[in-house]
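Once you know that position 182 of the sequence shown is 187 in the numbering used here, the rest is easy, because the numbers rise by one and skip nothing.
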Amino acid sequence: MQLTITGALRGDTPPAVLRRMTLIALISFLTLIDLFAMQALAPQLTEAYGVSTATMGLALNLATVGMAVAGLTVAWFADRIDRGLGIWLSLAALSVPTALLSVTEDIAFFMVLRVLQGACMATAFTLTMTFLSERCSITAAAGAMAAYVTGNVASNLFGRLMASEVAAGIGLSDTFLVFAALNMGGAVMALVIIGPRAELEAAPSGTPLDAWRTHLANPALRATFAIGFLILFVFVGIFTYVNFELVGPGIGLAPATLGLVYFVFLPSLVTTPLAGNMVAWLGPRPLFWASTAFSVGGVALTATGQLTAILAGMAVIAIGTFQMQAAATAFVGRAATASRAAANGLYLTSYYVGGLVGAVIVGQAYGIGGWNAAAGVVVAALLLAGWLARQLDDRDGGAPRG
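Below is the structure:
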């Protein structure tokens, strides 16, 4: 029996809310599990392919190139793409490049496959965000987006743990096949829960370019797009290169132990679902400012060179950035006055480009000046995000400030 979103994901009773958030989080988990899980394998992959840490960091994060391009493409065409069909087909397609990663020995082809993975993930991600913002009330949408980001948190934690443990047990090649199977599981879940097709909202008048102009003319949305860029810049910069710091001579963790480090995401599984309520209580600006300050404190802890402090700092950064992401995705759906699909696509394009730029810039800083230099770049990005958050109107969610 098909369990559609109309019946399963609506309702305001506690059981209905819990069911909605759980199902949304599961879809998110299986959509994004490939994005960051492979970062736990960075040291092993660097050795296997015989490249520098900066090259492997770039290769792993090239998924964000595909995500940026796909986000922009979906932003252009999303008002004409069936939501349900697009979500489950993109997840099924994701299993193909994931499986091919198990047989490639060429770093250039590895990079191409990561781009293709990113394109499939971003298509599913953008369409799911749009679907939720179209089907939920403003209050429910904030909770739904928080649930989706919670699934992202879970994919970061359990995906990294799984990648590390599976690779230690059966090797790198077979690890990619395991993740390809999980991708197919996500496609099946989306097909069952959302359905093979989902009714489109009436297409807005005007061209996609008109919708882009409308969104980019809104100072609050422009600021949110830039904040999205900086969120993934910070996240990728920290959680890619901290691996090399942890296995380096100063700390000396074994690669097999590295996966356990990502239990630092566990507190975020508790705090991220609360983001929807926190936006309602505090408003987006105070929440962004608090999350920024929290994250800066976390970065400072990672610069101490002590394992316990580094792990605490990673946990704090994860809490702060995931709160920012949940608040930002909900805010875009509220602030967009037309064509939420275009607004979501523009936000995610900026978000993913930020991840790629973060991989390059933080990687270069790490190569030149070590972890303290990388941390300094990340702090500058967080402070800029806090400054941009002044444009977010906490009273009506989308009107430009006067």
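For every residue, glycine included, the Cβ atom is placed at its ideal position computed from N, Cα and C.
Residues of the same chain with a CB within less than 8 Å of the CB of T297, apart from the 5 flanking positions on each side, are G325, M329, L387, L388, A390, G391 and A394 in chain order.
In terms of Cβ geometry, L226 and A340 form a close pair [threshold 9 Å]. Runs of beta strand (DSSP E) with 3 or more residues, each lying fully within the stretch 293 to 338, are absent. Judged by DSSP in its simplified three-state form, A259 adopts coil rather than helix or strand. Here V275 is exposed. Its C-beta has fewer than 16 other C-beta atoms within 10 Å. Taking the C-beta atoms as reference points, T27 is found no nearer than 9 Å to A151. Counting other Cβ atoms within 10 Å of its Cβ, W81 reaches 16 or more and is therefore classed as buried. Ranked by how close their Cα comes to the Cα of V252, the residues G233, F181 and Q311 have Q311 in first place. If you look at I198, you'll find it in the alpha helix (DSSP H) that goes L177 to I198. Separation of the CB atoms of M116 and L67 is rounded to 5 Å, and the pair is thereby assigned contact status at 8 Å. Excluding the 5 residues flanking it on each side, A192 has same chain C-beta neighbours closer than 7 Å at W93, L96 and A97, in chain order.
Under the three-pair Cβ rule at 8 Å, the stretch 291 to 307 counts as touching the stretch 378 to 386.
Here F136 is not near G76, since their CB atoms are 9 Å or more apart. Nearest to A280 by alpha-carbon distance, out of F270, L292 and V269, is L292.
At the C-beta level, A149 and A195 stay beyond 9 Å of one another. Within the same chain, E250 and L312 come within 7 Å of I256 by CB-CB distance, once the 5 residues on both sides are set aside. Taking C-beta separations shorter than 7 Å and ignoring five residues to either side along the sequence, the partners of Q396 in its chain run P224, A225, A228 and R406, following chain order.
For F240, the enclosing alpha helix (DSSP H) stretches over residues P224 to V252. Spatial neighbours of G302 in its own chain (CB-CB distance under 7 Å, excluding positions within 5 residues in sequence) are listed in chain order as V321. Rounded to whole angstroms, the Cβ separation of A59 and L182 is 28 Å, and the two are not in contact under 8 Å.
Ranking L35, V358 and G375 by CA distance to the CA of A231 puts V358 first. Spatial neighbours of Q122 in its own chain (CB-CB distance under 7 Å, excluding positions within 5 residues in sequence) are listed in chain order as D39, A68, G71, L99, P102 and T103.
A straight-line Cα-Cα distance of about 16 Å links Y153 and Y356. Your pair L187 and L287 does not check out as a contact, with CB atoms roughly 36 Å apart and the cut at 8 Å. Secondary structure note for V358: its alpha helix (DSSP H) is the uninterrupted segment R345 to L393. Setting aside the 5 residues that flank it on each side, A323 is surrounded in the same chain by V269, F270 and S273, each with a C-beta closer than 7 Å to its C-beta; the list follows chain order. For G62, the CB contacts under 8 Å within the same chain, skipping 5 residues up- and downstream, are A47, T245, Y246, A364 and G368 in chain order. Around the Cβ of T262, a 10 Å sphere holds fewer than 16 other Cβ atoms; the residue is exposed.
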